[in-house]
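Encoded as structure tokens, the structure appears first; notes follow it.
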Amino acid sequence: MSKLKFGARIGILGGGQLGRMLAGAAAKLGFDVSIYCPEADAPASRVAGESVRAGYNQLDRVLAWAQTCDAITYEFENVPVSTVGHLIRNGQIVRPGLKALEMSQDRIREKTFLRSCAIPTAEFFAIQCGDDIGPALTQLGGAGLLKTCSDGYDGKGQSRIAAGDDDEAIFRALGSRPCVLEGLVPFRCEVSVIAARGLQGDIVCYDIPENIHKDGILKRSTVPAALTHNIMQDAFRAASRLVETLDYVGVLALEFFVLPDGRLIANEFAPRVHNSGHWTVEACLTGQFEQHIRAVAGWSLGSVERTLDVEMENVLGEDLDNLDDNMPATASLTLYGKRDALRGRKIGHWVRLNGSI
Ligand SMILES: Nc1ncnc2c1ncn2[C@@H]1O[C@H](COP(=O)(O)OP(=O)(O)O)[C@@H](O)[C@H]1O
Ligand SMILES: [Mg+2]
Numbered sequence: 000m001s002k003l004k005f006g007a008r009i010g011i012l013g014g015g016q017l018g019r020m021l022a023g024a025a026a027k028l029g030f031d032v033s034i035y036c037p038e039a040d041a042p043a044s045r046v047a048g049e050s051v052r053a054g055y056n057q058l059d060r061v062l063a064w065a066q067t068c069d070a071i072t073y074e075f076e077n078v079p080v081s082t083v084g085h086l087i088r089n090g091q092i093v094r095p096g097l098k099a100l101e102m103s104q105d106r107i108r109e110k111t112f113l114r115s116c117a118i119p120t121a122e123f124f125a126i127q128c129g130d131d132i133g134p135a136l137t138q139l140g141g142a143g144l145l146k147t148c149s150d151g152y153d154g155k156g157q158s159r160i161a162a163g164d165d166d167e168a169i170f171r172a173l174g175s176r177p178c179v180l181e182g183l184v185p186f187r188c189e190v191s192v193i194a195a196r197g198l199q200g201d202i203v204c205y206d207i208p209e210n211i212h213k214d215g216i217l218k219r220s221t222v223p224a225a226l227t228h229n230i231m232q233d234a235f236r237a238a239s240r241l242v243e244t245l246d247y248v249g250v251l252a253l254e255f256f257v258l259p260d261g262r263l264i265a266n267e268f269a270p271r272v273h274n275s276g277h278w279t280v281e282a283c284l285t286g287q288f289e290q291h292i293r294a295v296a297g298w299s300l301g302s303v304e305r306t307l308d309v310e311m312e313n314v315l316g317e318d319l320d321n322l323d324d325n326m327p328a329t330a331s332l333t334l335y336g337k338r339d340a341l342r343g344r345k346i347g348h349w350v351r352l353n354g355s356i
């Protein structure tokens with residue numbers, strides 16, 4: 000019963016591009032898909048057999064919807080914990096469950112939890128008001144990154160800050176909300192582990208991409224990353240401890256900074272498929288979306304064997320006009336079907352195939 004039958008219906012909370020690609024992967028495996036999200040005309044709703052448009056806090060609506068599905072998953076980490084808790088208390092199967100959401104929705108809770116899993120993070124201080132910033136900055140050597148504890152994405156909700164800045168103004172510009180002040184990590188590069196854990200506790204990790212960000216937004220992921228075998232094993236072990244401790248079912252991404260001496264510092268994790276794993280669709284036997292659906296369905300995980308060296312590059316709204324000129328001939332293009340190609344927002348990606356391995 001916890002293993003879905005052929006042709007069962009999977010419900011996805013969230014209507015963005017990740018939901019759209021999950022829906023496609025679910026369809027590939029013969030499942031029906033229903034999307035639940037508040038937005039009209041959402042990218043995922045337009046490729047699913049059914050979609051319901053309602054708010055995440057409308058508990059009666061969301062439960063009634065979930066009762067028409069055989070298992071529920073989510074495509075973004077800000078689904079209210081209270082909503083998922085309500086579904087679980089009412090007997091619905093939600094994978095990956097509640098704990099990963101709780102731990103990833105607040106940056107301080109997230110870092111504290113990562114540390115409890117013996118995964119190092121940057122130094123950090125809780126900031127409740129502008130006055131908290133000065134003493135924390137002093138302890139961090141005079142510079143740091145101030146981030147809102149919740150709701151940040153693509154570098155939004157964060158600001159560099161240094162001794163002598165107007166702390167109060169910067170705190171206000173972030174909305175005067177609870178924040179975390181992090182030490183600046185002098186990283187050599189950024190990488191991520193895309194891991195999957197099945198219902199039986201089996202764990203697989205994809206090869207590690209190196210990720211380059213521009214203005215806080217992922218620009219490019221290159222696989223394989225230039226890391227030693229030992230660093231890769233450290234990263235895999237950390238991700239495995241994380242998904243085990245969370246009793247996680249599905250795909251999860253753990254982002255790391257790599258220090259010049261090879262030590263790994265965790266940045267954050269996402270309890271979902273991840274932008275830095277999009278290349279797995281073209282380069283691996285089982286892409287991350289299909290893997291997540293397999294886990295949600297309680298099926299055995301697929302092979303993560305990689306057959307190609309690849310590079311994935313995001314397409315932002317402003318890139319659309321020059322796409323033909325800038326995209327390599329040996330690239331596979333995915334567009335998300337967003338209605339507006341907004342500046343600074345991801346509207347698609349391409350994966351350049353750099354040859355078989
Ligand atoms: N403590 C830090 N030190 C140095 N760079 C950082 C730090 N935190 C974040 N960054 C940079 O900003 C990017 C986005 O930050 P992140 O915390 O991952 O926020 P988001 O939730 O927006 O992805 C990171 O990928 C990294 O390039
Ligand atoms: Mg990030």
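FYI, numbering that gives the first Met the number 0 numbers position 269 of the sequence shown as 268, with every residue one higher than the one before it. Beta carbons: idealized from backbone N, C-alpha and C, even for Gly. Note that this is a predicted model, so its numbers are computed, not measured.
A direct Cα-Cα distance of roughly 31 Å separates Val272 from Ser175. By the neighbour-count criterion, in which 16 or more other beta carbons inside 10 Å mark a residue as buried, Val80 falls on the exposed side. Annotation for Val184 indicates a beta carbon within 8 Å of some heavy atom of ligand 1. In the displayed model, Asp31 falls within a strand according to three-state DSSP. Counting only runs that start and end inside the segment 313–343, the beta strand (DSSP E) elements of at least 3 residues fall at 330–334. Going by beta carbons, Gly347 and Tyr335 fall inside the 9 Å limit.
Between the segment 120–136 and the segment 149–169, the count of Cβ pairs shorter than 8 Å is three or higher; the stretches touch. When DSSP states are grouped into helix, strand and coil, Trp278 belongs to the coil group. For Asn353, the secondary structure class from DSSP, reduced to helix, strand or coil, is strand. Non-local beta-carbon contacts of Gln104 in its own chain, meaning distances under 8 Å to residues more than five positions away in sequence, involve Glu76, Asn77, Val80, Ser149 in chain order. A contact is defined here as three or more CB-CB pairs under 8 Å, and the segment 245–264 meets this definition with respect to the segment 87–100. Relative to the non-hydrogen atoms of ligand 1, the Cβ of Leu173 never comes closer than 8 Å to any of them. In this structure, Gln157 is the residue among Gln157, Thr227, Ala269 with its C-alpha nearest to the C-alpha of Ala172.
Two segments are said to touch when three or more pairs of C-beta atoms, one from each, lie closer than 8 Å; by this definition the segment 226–235 touches the segment 255–274.
Ranking Phe124, Val314, Ala269, Pro208 by CA distance to the CA of Trp349 puts Val314 first. The Cβ atoms of Leu62 and Asp201 lie no closer than 9 Å to each other. The three-state secondary structure of Asp166, taken from DSSP, is helix. Each of Glu254, Asn266, Glu267 has a C-beta closer than 7 Å to some heavy atom of ligand 2; these make up the full list, in chain order.
Beta-bridge analysis with DSSP links Lys345 to Leu315.
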